[in-house]
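Trainee:
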Amino acid sequence: MVRSTLRTIIGMIILSSLLVLSACSVAEPQPLIFDEAVWSSDETSLYQVTDMNGDYAGTVEWSFSSPNDKLWRLERITDTQGDVEQLQVEMARAGYRPVQSSLLRESDAGREQVEADYDRGEVNLTLTTVQDVTTYERVNVPSDSRDARALFMLVRALPLQKGYATRINTFLPIVSHLTRTEISVKGIDEISTPAGVFDAWKVELDDGNHTSKAWIAVESPHQLVKYEDAANGGVFELLEFTPVQ
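Numbered by the working numbering, the letters in the sequence shown go through residues 599 to 843 in order.
In structure tokens:
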């Protein structure tokens, strides 16, 4: 009886120790602090896109430019399965908070556009449908929100390292949706893409409903080399990268 009780106590101690170790292995989120921009004006990244079945779906091109000494302009051109989207996000150089964005989508159904102007915790939206009907909406968001569509490019400017984690608020103007995403580094993977082989930080982006994955090159300028979108099953793989010479 004594031995049985002793085994039970020892077992409980071991279990408690394992639980503590498990808890310690979870990275504590750090305050959100960005490094200086790792991209340059006129940088361009081209990706091939495959769908959830692994079939080729099209291309996405991202580029950075600098309209003035206070702003970065991030542009995305998506050409997938006959639909073309042109996205432009202007954001402050300090902290990368969005100032304005515009999304133009053209498909067989027609043309639609969403414009957003950010002003100290408020977003003024202008939405034009394929029927050419325009509506206006004002949404309150946390003042530290970033544009959701720019998120996995902004991850490049985080101080990524083993065990790193942080949280970030993002806003998606298309559906007026606010999300708090937890970002965590899971280690280094060797990633093979059409553009070459890279040692890359494996970064998970958990928005509470889906956990997407991004691979960011360890070497500067820390380009995004692969991205897996958990929401729709799409995969982006780097085809070409053109930094400023």
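Note that CB positions come from ideal geometry on N, CA and C, so glycine has one too.
Rounding to the nearest angstrom, what Cα-Cα distance links residue 764 and residue 776 in this structure?
Mentor: Position 166 of the sequence shown, counted from the start, is the residue given in the question as residue 764. Position 178 of the sequence shown, counted from the start, is the residue given in the question as residue 776. Their Cα atoms are separated by approximately 17 Å.
Trainee: So, with DSSP's three-state summary, where would you put residue 748?
Mentor: Here residue 748 refers to the residue found at position 150 when the sequence shown is read from its first residue. The answer is helix: DSSP assigns residue 748 an H, G or I state.
Trainee: Threshold first: 3 residues or longer. Then list the beta strand (DSSP E) segments lying entirely within the region 723-781, N to C.
Mentor: If we require 3 residues or more, the beta strand (DSSP E) runs fully inside the region 723-781 come out as 732-738, 763-770.
Trainee: DSSP on residue 835, reduced to helix/strand/coil?
Mentor: In the sequence shown, counting from the first residue as 1, residue 835 sits at position 237. The answer is strand: DSSP assigns residue 835 an E or B state.
Trainee: May I have the straight-line CA-CA distance separating residue 829 from residue 669, to the nearest angstrom?
Mentor: By 1-based counting over the sequence shown, the position of residue 829 is 231. By 1-based counting over the sequence shown, the position of residue 669 is 71. Rounded to whole angstroms, residue 829 to residue 669 spans 30 Å at the Cα level.
Trainee: Straight-line CA distance for residue 836 to residue 815?
Mentor: Numbered from its first residue, the sequence shown carries residue 836 at position 238. Numbered from its first residue, the sequence shown carries residue 815 at position 217. Those two C-alpha atoms are separated by around 11 Å.
Trainee: Mapping the DSSP letters down to three states, classify residue 794 as helix, strand or coil.
Mentor: Here residue 794 refers to the residue found at position 196 when the sequence shown is read from its first residue. In the structure shown, residue 794 sits in a strand (DSSP, three-state: E or B).
Trainee: For residue 653, which of helix, strand or coil comes out of DSSP?
Mentor: Taking the first residue of the sequence shown as position 1, residue 653 is located at position 55. It is coil, neither helix nor strand.
Trainee: Could you tell me the alpha carbon to alpha carbon distance between residue 727 and residue 647, rounded to whole angstroms?
Mentor: In the sequence shown, residue 727 corresponds to position 129, counting from 1. In the sequence shown, residue 647 corresponds to position 49, counting from 1. Rounded to the nearest angstrom, the two C-alpha atoms are 26 Å apart.
Trainee: Using a Cβ-Cβ cutoff of less than 6 Å, which residues in the same chain neighbour residue 804 once the five nearest sequence positions on both sides are dropped?
Mentor: Residue numbering aside, residue 804 sits at position 206 when the sequence shown is read from its first letter. Within the same chain, residue 804 has close Cβ partners 780.
Trainee: In three-state terms, what does DSSP make of residue 680?
Mentor: Looking up residue 680 in the sequence shown gives position 82. Correct three-state label for residue 680: coil.
Trainee: What distance in whole Å lies between the Cβ atoms of residue 802 and residue 824, which are believed to be in contact at a cut-off of 8 Å?
Mentor: Taking the first residue of the sequence shown as position 1, residue 824 is located at position 226. Taking the first residue of the sequence shown as position 1, residue 802 is located at position 204. Incorrect: roughly 13 Å between the Cβ atoms, too far for contact.
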